[in-house]
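Asks:
The following block contains the structure:
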């Protein structure tokens, strides 16, 4: 009974957050609050959807690293967050250079801007994988459960069982990363994605901070509710899974994409090292 009530409360909190995202702009227009204090609906939608996209992609990329968080590989899983959040974006972005075949192709296809946006989402997702891995690891099944399913269950049943076991961890991961990304402005700014967060960031250099904070209010209610939902899970403890004996090859692939390859691209393809 207690578990069912907790689930109902969780669903209610998330629905309220989603409802506020859509209803707040309508209410503001209806009661006549000056439009200068509210971002236009399209910009507000971008402000929500891009971080949410990063949250979903980071959660997928973090799945191989989640088991590392419960083993002696945990420090390796944290590596992407030990470098600047824009490293992956800038490193992979070197491939858009007009001096390279990939850059020539993108320019010819008129996809330079779209490629920049995709790289911003991809780069931030790689940087945020440790957050997603931690969130998933708190509710991750032990490796013995996976071994049992691998031996005794067909792949379809195994997949559905793992989704059911990891559902709360996956949802927590998406929400946690999305909240962090709401305040991430550098890669999105470099990719020319016009979000409300970037507008507020620029205004901090032009107006009193109090005015900027006041104009950030459309994002406060949904963020507050999402934070409450996450706080309800703060009591989980991360237990060491000593049966995890080897690192996933997919996990090493994620680390390579997020840190090693971008750094190598910058080192070998950047003409001016001081840049």
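Residue numbers (my numbering): 6 to 280.
Beta carbons are placed, not taken as given, at the ideal position from N, Cα and C, and that holds for glycine.
When you compare each of 55, 185, 132 and 82 to residue 229 by their alpha carbons, which one comes out closest?
Replies: Nearest option by C-alpha distance: 185.
Asks: Less than 8 Å between the CB atoms is what I'm expecting for residue 189 and residue 90, so what's the real figure, rounded?
Replies: Contact holds; Cβ gap of about 6 Å.
Asks: To the nearest whole angstrom, what separates the beta carbons of residue 140 and residue 108, a pair I think is in contact under 8 Å?
Replies: With a Cβ gap of about 36 Å, residue 140 and residue 108 do not count as contacting.
Asks: For residue 71 and residue 58, what's the separation of their Cα atoms in angstroms?
Replies: Distance between the alpha carbons of residue 71 and residue 58: 19 Å.
Asks: So is residue 256 buried or exposed if we call it buried at 16+ other beta carbons inside 10 Å?
Replies: Classification for residue 256: buried.
Asks: Grouping DSSP H, G and I as helix and E and B as strand, with all else coil, what is residue 64?
Replies: It is helical.
Asks: To the nearest whole angstrom, what separates the beta carbons of residue 97 and residue 274, a pair I think is in contact under 8 Å?
Replies: Wrong, their Cβ atoms sit about 11 Å apart, outside the cutoff.
Asks: With a threshold of 16 other CB atoms inside 10 Å of the CB of residue 272, please say whether the residue is buried or exposed.
Replies: By the neighbour-count rule (16 or more Cβ atoms within 10 Å), residue 272 is not buried but exposed.
Asks: How would you call residue 127, buried or exposed, if buried means at least 16 neighbouring beta carbons within 10 angstroms?
Replies: Residue 127 should be labelled buried.
Asks: Helix, strand or coil for residue 211, going by three-state DSSP, please let me know.
Replies: Note: residue 211 maps to coil in three-state DSSP.
Asks: Can you give the Cα-Cα distance for residue 142 and residue 254, rounded to whole angstroms?
Replies: Distance between the alpha carbons of residue 142 and residue 254: 18 Å.
Asks: Taking Cβ to Cβ, would you say residue 196 is nearer than 9 Å to residue 125?
Replies: Closer than 9 Å, so yes.
Asks: Find out if the Cβ-Cβ distance for the pair residue 85, residue 259 is shorter than 9 Å.
Replies: Going by C-beta atoms, residue 85 is nearer than 9 Å to residue 259.
Asks: With distance defined between alpha-carbon atoms, name the residue in 267, 95 and 199 nearest to residue 46.
Replies: The candidate whose alpha carbon is nearest that of residue 46 is 199.
Asks: In its own chain, which residues sit with a C-beta less than 6 Å from the C-beta of residue 100, not counting the 5 before and 5 after it?
Replies: Correct list, in chain order: 107.
Asks: Quick one: is residue 182 buried, meaning 16 or more other Cβ sit within 10 Å of its Cβ, or exposed?
Replies: Classification of residue 182: buried, given that the 10 Å Cβ count is 16 or more.
Asks: What does the Cβ neighbour count give for residue 38, buried or exposed, with the cut at 16 atoms within 10 Å?
Replies: Its pLDDT being 44, under 50, residue 38 is placed unreliably by the model, and the measurement read from it follows with that caveat. Exposed is the call here.
Asks: Using the Cα positions of residue 165 and residue 208, report the straight-line distance between them to the nearest angstrom.
Replies: C-alpha separation (whole angstroms): 47 Å.
Asks: Give the C-beta separation of residue 131 and residue 66 to the nearest angstrom, bearing in mind that I take them to be a contact with Cβ-Cβ under 8 Å.
Replies: Going by Cβ atoms, the distance from residue 131 to residue 66 rounds to 6 Å, so yes, they are a contact pair.
Asks: Might you give, ordered along the chain, the residues of its own chain that have their beta carbon closer than 6 Å to the beta carbon of residue 51, omitting 5 neighbours on each side?
Replies: Cβ within range, chain order: 200.
Asks: Give the single residue among 48, 226, 49 and 55 whose Cα lies nearest to the Cα of residue 122.
Replies: Per the Cα distances, 55.
Asks: Just how far apart, CA to CA, sit residue 112 and residue 204?
Replies: Cα-Cα distance, rounded: 28 Å.
Asks: Using only the alpha-carbon positions, how far apart do residue 48 and residue 202 sit?
Replies: Cα-Cα distance, rounded: 9 Å.
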